[in-house]
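**Student:** Each position in the sequence shown, counted from 1, maps to that position plus 1080 in our numbering.
Ideal Cβ positions, reconstructed from N, Cα and C, are used throughout, including at glycine.
For clarity, every value in this text was computed on a predicted model and none was experimentally measured.
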Amino acid sequence: MPSKPLSTRVSPDVHARLQEIAGQRRTSLAATAADLLSAAVQAPQGSAPHPADGALVASVLQALEGVTDPAAVVCRETAVELARAVEGRERGYQAAATTLIEAADKALRAQQRADSPEFDLGSLFPGL
């Protein structure tokens, strides 16, 4: 999908922070600003994206946006934090990438279990 140009003005502090994030990501200032704007627009209603969220976090949020069961939400939030660690190339980020996939999978499975609880025959015959 082709992108659309956008021009905006930001304070010197915001500009400096964008340059810092772009340097950490090894991307251009424009690509960094586009990623951050996209993440902000794609964030679930009522939630503010983390200031340094990029494409990976946005993808995890989008993939897990239907996760609402309390047990599944714990895994979803873990996956988001792991994605932030990977994007920020924090210490241990390579191991976090593997764990991220596992956490996202657990969140989806937990939500599926909550949406479709197995039928319990014991509930039909409580005295048995």
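Tell me whether residue 1167 is buried or exposed, calling it buried when 16 or more other Cβ atoms sit within 10 Å of its Cβ.
**Tutor:** As a working mapping, residue 1167 is identified with position 87 in the sequence shown. Under this definition residue 1167 is a buried residue.
**Student:** Grab the span of the alpha helix (DSSP H) containing residue 1148 for me, first residue to last.
**Tutor:** Start at 1 with the first residue of the sequence shown, and residue 1148 comes out as number 68. Looking at the DSSP string, residue 1148 is not in any alpha helix (DSSP H), and its letter there is neither H nor E.
**Student:** Taking the straight line between their C-alpha atoms, what separation do you get for residue 1158 and residue 1171?
**Tutor:** Against the sequence shown, residue 1158 aligns to sequence position 78. Against the sequence shown, residue 1171 aligns to sequence position 91. C-alpha separation (whole angstroms): 16 Å.
**Student:** Within the same chain, show all residues whose beta-carbon is closer than 7 Å to that of residue 1099, passing over the 5 residues directly before and after it, in chain order.
**Tutor:** For the purposes of this step, residue 1099 is taken as residue 19 along the sequence shown, with counting starting at 1. Within the same chain, residue 1099 has close Cβ partners 1109.
**Student:** For residue 1152, collect the residues of the same chain with a Cβ closer than 7 Å to its Cβ; drop the 5 residues on either side in sequence, then sort them by chain order.
**Tutor:** Along the sequence shown, one-based indexing puts residue 1152 at 72. Result list for residue 1152: 1187, 1190, 1191, 1194, in chain order.
**Student:** So residue 1162 and residue 1176 are supposed to be a Cβ contact under 8 Å. How far apart are they, rounded?
**Tutor:** Counting from 1 along the sequence shown, the entry for residue 1162 is found at position 82. Counting from 1 along the sequence shown, the entry for residue 1176 is found at position 96. Contact flag correct, Cβ pair sits at about 5 Å.
**Student:** Does DSSP put residue 1139 in a helix, a strand or coil?
**Tutor:** As a first step, residue 1139 is located in the sequence shown; it is residue number 59 there, counting from the start. Residue state, collapsed to three classes: helix.
**Student:** Buried or exposed: where does residue 1094 fall if 16 or more other Cβ atoms within 10 Å of its Cβ makes it buried?
**Tutor:** Position 14 of the sequence shown holds residue 1094. Counting Cβ neighbours within 10 Å, residue 1094 comes out exposed, since fewer than 16 surround it.
**Student:** Which two residues bound the contiguous alpha helix (DSSP H) that contains residue 1182?
**Tutor:** Translated into positions along the sequence shown, residue 1182 becomes position 102. Segment 1173 to 1195, the alpha helix (DSSP H) holding residue 1182.
**Student:** Answer with buried or exposed for residue 1183, where buried requires no fewer than 16 other C-beta atoms within 10 angstroms of its C-beta.
**Tutor:** Within the sequence shown, residue 1183 is the residue found at index 103, counting from 1. It is buried - the Cβ of residue 1183 has at least 16 other Cβ atoms within 10 Å.
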